[in-house]
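Asker: Following this message is one structure expressed as structure tokens.
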Amino acid sequence: MPKSFTRRTVLEHFLSLLLDVAVLSVQGSVLDHYVRTEGAWLLNPMKQVYRANSDEECAEKCENEEKFACRAFLFTSKDQQCLTLTENTKTAMVFRRTNAVLYEKRIYLLECKEGKGVDYRGTEAKTHKGVQCQKWADNVPHKPNYTPEKYPQAGLEENYCRNPDGDEKGPWCYTTDPDTRFDYCNIPECEVECMHCSGENYHGVVATTASGLECQRWDSQQPHSHGYLPENFPEKDLKENYCRNPDGEPRPWCFTTSSTKRWEYCDIPRCTTPPPPPLPGRQCLSGRGEDYRGTIAVTESGNTCQHWSSQSPHRHSRTPENYPCRGLDENYCRNPDGEKRPWCYTTNPAARWEYCNIPSCDSTKPEAPDVDVPEQGQVTEECYQDNGVTYRGTASFTLSGKKCQAWSSMSPHRHNKTAQNFPNAGLTQNYCRNPDADSRPWCYTTDPSVRWEYCDLKKCNGQGPQTVPKPPQTTLETTSDCIVGKGTDYRGTVAKTARGRTCQEWSSQKPHSHDYFTPKTHPRAGLEKNYCRNPDGDVNGPWCYTTDPRKAWEYCDIPQCPPPQYECGKSKFRPKLCAQRIVAGCVSHPHSWPWQISLRTSYGQHFCGGTLIDPEWVLTAAHCLQSSSSPAAYRVYLGLHRERATEPSVQIRRVSKLIKGPRGADIALLKLESPATINNHVIPVCLPKENSVLGGREECYVTGWGDTKGTPGDGFLKETGFPVIENKICNRPEFLNGRVKNHELCAGNIHGGTDTCQGDSGGPLVCLDQDKFVQHGVTSWGLGCAQPMKPGVYVRVSNYIPWINSVMETY
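Going letter by letter, the sequence shown gives residues -28 to -1, 1 to 783 in mature numbering (1 follows the signal peptide of the UniProt record, and there is no 0).
Printed below as a string of structure tokens:
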């Protein structure tokens, strides 16, 4: 009898499955089987509510749920509330909610199968021929042998494809066609044992290269420093030292543990089943245009595109064979490897490849071009009025430092807060906004595990998100009644919430019983008496349980401590952030890069750039100091926008010490004869953490008065923005062919047109980190200026933080 329930293999399989789950629960946490998302809440009519002291305890409730198949659970630590759910984000509406954490069973999120697919719990409900599946609980048109009652562990819900009998051909279902009792479903293989396409979704555990070298861990910088950090690529599953493909290579690869071989491809077999069917391609440009499937075959400069299957006039690896799922048909513009936008190799032997001009899918009118502001500049006002509904600034980081997701993007979080749905909310790019009149501006985050957070913004009255102004504080002692950051170190004596409720003592269980946050469970959190505290690192600040039986807990109203005398990396004048084509860049807003200095001869001629990193210290390139080793030969000009230095804000300092970098590195420190006066026009930049590495494609900015090669803006400070290029890519033969060393980094537009040049040497490459600019590079060298395929090279500042600190302490 077809699809009979008498096979012995079924019982054997489920006994084995139960044993595997039992072993896993002993070896690791039960939470390993769940995907965690902070700030998410599901609207789910079928649920069970429990009390739980931890998320692990709540997970156990889900695992043991008897009333329905538990696909997910919600846990709130402050309320110690646990909700087991029959829905997940694939079937239910998702809302924002503070302090809630959603856990979804991984097995119900997968739309692929491993092996025979006995564990498949996806939602495919059609056969490979497109026939609708019959519900497993129905008896019409076919009386099933496999039912939810007889096989409660087989996931026989609704009419989803399943494999309750371990069929070798994979998941199947009874069909709604009276003439066809059952048929198989077209479920793609999970890319664990094999890979589809170019292995972008490979999640297996192979950790050796094709030549047998062991892979380096992705979170390690030894023996090879790199920008592919797991936190920079949260969606790429850069776990352990497993082979992955985060950057559009033809197949998975890894950095190796061999000091002589930086990286190598891995030998991952191709899956035998066809890849998932592609989504309908766009005929216009959306995002990076990776799904563009139009027929434009001319570059933006007018060159005809070379066929992807051709190796003439340019040899390349972006072939239909290496990238089988990227639509590399004919010679049409495509984006197979995650470039900025669609491109192609050209039929012009002098132009290897260029971007294409694809019309945008966004029908909104482009913003008016940015123009230079008057000499006084444009004052930065990164604060919000009232609840921030009218805020239109450019802040794009959350309180915990996460980068905001673009409002037009549905990745990593799907949502309905779009410009179309909220046309008056100013939902442009990834800027912090408040479209739903929350308490203050917020955004969805680029971290898949954190759906949303409030933004790192203060109220324009300087009091932050508090509703009642507080008198200014004069000290930063830990006992003062103000907080720094999230207030986890706050040890003041405020004992009332923002709404005036008296706090309950942390050691008390009345009126609210709580086992999770007590002096015993958190002995270092300062849970004395009933003072407001932040034992769980809540991004919104200190809170407490209340003595009001109707309200379990509330936030407290504690102001931020006053900032220090100056904040590094924060300009008083809004930068233009020009990402156009210092060669072909744009003139900066005056004094918007207040750490930029001009290094000059003793008679005042500019020849190099530099950066103020401390009131007494300037960072520059060692090759700028080759003309003389005497400090008396140099002058440092600060606070200028015009190269002529005619502004009243200009400060001129002699140099008292000159120290070149270790081991001949192209980096040097200059000590000023007297400290610079810190004001609105002169502010030090921030330095990176020791050995920190930027992720690939990080957008950074360079500034300088260097050679403009005939482009406009000569005589004024110019700026341009472009991405950091991972050394692995920059060292490819067609780019800088292995010239870039580990203590250096690349940045620039591969197609050229934007670059630093003569006179910019020693200047800063800065990147925005939360709301501050951090100097990651010192302009060092390049092959020409703004040449295609020849990005600029910068000294990697993070490698020299110990040396910088040592020099500044010694002298």
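For each residue, glycine too, the CB sits at the ideal point set by N, CA and C.
(1) Check this for me: beta carbons of residue 114 and residue 156, under 8 angstroms apart or not?
(2) Whose C-beta lies closer than 8 angstroms to the C-beta of residue 194 among residues of the same chain, with five residues either side of it excluded?
(3) Do residue 516 and residue 785 count as a contact pair if the criterion is CB distance below 8 angstroms?
(4) Per DSSP, residue 332 forms a beta bridge with which residues?
(5) Note the first and the last residue of the continuous beta strand (DSSP E) segment covering residue 589.
(6) By alpha-carbon positions, which one of 148, 64, 18 ends up nearest to residue 55?
(7) Count the other CB atoms, across all protein chains shown, that sit within 10 Å of the CB of residue 67; report buried if there are 16 or more and exposed otherwise.
(8) Once the 5 residues before and after residue 308 are set aside, which same chain residues still bring their CB inside 7 angstroms of it?
(9) Less than 7 angstroms between the CB of residue 311 and some heavy atom of the ligand ATP, yes or no?
(10) What did DSSP end up calling residue 648 once you bin it into helix, strand or coil?
(11) So, residue 642 versus residue 659, is the Cβ gap smaller than 8 angstroms?
(12) Check for me: the alpha helix (DSSP H) holding residue 71 runs from which residue to which?
(13) What's the call for residue 27, buried or exposed, on a 16-neighbour Cβ count within 10 Å?
(14) Is residue 609 closer than 8 angstroms to residue 818 when the C-beta atoms are compared?
(15) Kindly indicate which residue of 511, 636, 581, 744 has the alpha-carbon position closest to the one of residue 543.
(16) Residue 185 to residue 478, Cα distance in whole Å?
(17) Which word fits residue 343, buried or exposed, when buried means at least 16 other C-beta atoms lie within 10 angstroms of its C-beta?
(18) Going by C-alpha to C-alpha distance, which of 45, 778, 41 sits closest to residue 24?
(19) Assign residue 283 to one of two classes, buried (16 or more other C-beta atoms within 10 Å of its C-beta) or exposed (fewer than that).
(20) Got a sec, what are the start and stop residues for the alpha helix (DSSP H) residue 778 sits in?
(21) Does the Cβ-Cβ distance between residue 719 and residue 672 come in under 8 angstroms?
(22) Give me the DSSP bridge partner(s) of residue 21.
(23) With distance defined between alpha-carbon atoms, name the residue in 657, 589, 565, 661 nearest to residue 614.
(24) So, helix, strand or coil for residue 457, using DSSP?
(25) So, using beta-carbon positions, are residue 568 and residue 710 closer together than 8 angstroms?
(26) Tell me the rounded alpha-carbon separation between residue 391 and residue 398.
(27) For a test of the three-state rule: what should DSSP assign to residue 33, helix, strand or coil?
(28) Counting along the chain, where does the alpha helix (DSSP H) carrying residue 702 start and finish?
(29) In terms of residues, what are the limits of the beta strand (DSSP E) holding residue 14?
(30) Assign residue 349 to buried or exposed, taking buried as 16 or more other Cβ atoms, counted over all protein chains shown, within 10 Å of its Cβ.
(31) CA-CA distance, residue 459 and residue 234?
(32) Which residue wins for smallest C-alpha separation from residue 263, given the options 292, 310, 230?
(33) Residue 208 and residue 222 - do their beta-carbons sit closer together than 8 angstroms?
(34) Please give the ranges of any beta strand (DSSP E) in the region 265 to 324, keeping only runs that are unbroken, at least 3 residues long and fully inside the region.
(35) Under the three-state reduction of DSSP, which class applies to residue 612: helix, strand or coil?
(36) Residue 226 bridges to which residues according to DSSP?
Answerer: The short version:
(1) In this structure, residue 114 keeps its C-beta atom at 8 angstroms or more from the C-beta atom of residue 156.
(2) These residues qualify, in order along the chain: 188.
(3) Outside the displayed span of the chain (-28 to 783) sits residue 785, for which this structure offers no information.
(4) Answer is 257.
(5) Its beta strand (DSSP E) spans residues 589 to 592.
(6) Relative to the Cα of residue 55, the nearest Cα in the group 148, 64, 18 belongs to 18.
(7) It is exposed - the Cβ of residue 67 has fewer than 16 other Cβ atoms within 10 Å.
(8) Only residues of its own chain outside the window of five on either side were considered, and among them 220, 290, 295, 298, 300 have a CB closer than 7 angstroms to the CB of residue 308, listed in chain order.
(9) Ligands displayed in this structure: none; no statement on the ligand ATP is therefore possible.
(10) In the three-state DSSP reduction, residue 648 falls in the coil class, being neither helix nor strand.
(11) Contact flag unset, no.
(12) In the DSSP assignment, residue 71 falls outside any alpha helix (DSSP H) and within the unbroken beta strand (DSSP E) covering 66 to 77.
(13) When all chains shown are included, residue 27 counts as buried.
(14) Only positions -28 to 783 of the chain appear in this structure, which leaves residue 818 out of reach.
(15) Just measuring C-alpha positions, the residue of 511, 636, 581, 744 sitting nearest residue 543 is 744.
(16) When rounded, the distance between both Cα atoms is 54 angstroms.
(17) Legend: pLDDT at residue 343 = 39, less than 50; position of this residue unreliable, value from coordinates given subsequently. Within 10 angstroms of the beta-carbon of residue 343 lie fewer than 16 other beta-carbons, which makes it exposed.
(18) The residue with the shortest Cα to Cα distance from residue 24 is 45.
(19) Note on residue 283: under 16 other CB atoms within 10 angstroms of its CB, so exposed under the neighbour-count rule.
(20) That run of the alpha helix (DSSP H) goes 773 to 782.
(21) Less than 8 angstroms divides the Cβ of residue 719 from the Cβ of residue 672.
(22) Per the DSSP secondary-structure output, residue 21 pairs in a beta bridge with 55.
(23) Checking every option, the nearest Cα to that of residue 614 belongs to 565.
(24) It is coil, neither helix nor strand.
(25) Note that the C-beta distance between residue 568 and residue 710 is not below 8 angstroms.
(26) Distance between the alpha carbons of residue 391 and residue 398 is about 7 angstroms.
(27) Residue 33 falls in the helix class under three-state DSSP.
(28) Segment 699 to 702, the alpha helix (DSSP H) holding residue 702.
(29) 6 to 14 is the extent of the beta strand (DSSP E) around residue 14.
(30) At residue 349 the pLDDT is 44, less than 50, meaning the model places this residue with poor confidence; the figure from the coordinates comes in the next sentence. A residue is called buried once 16 or more other Cβ atoms fall within 10 Å of its Cβ, and residue 349 is buried on that count.
(31) Looking at the two C-alpha atoms, the distance is approximately 43 angstroms.
(32) If we check each option's Cα against that of residue 263, 310 comes out closest.
(33) With respect to residue 208, residue 222 sits apart: the two C-beta atoms are not nearer than 8 angstroms.
(34) Counting whole runs of 3 or more residues, the region 265 to 324 contains the beta strand (DSSP E) stretches 315 to 317.
(35) Here residue 612 sits in coil by DSSP.
(36) In the DSSP output, where bridge partners are listed per residue, residue 226 has 236.
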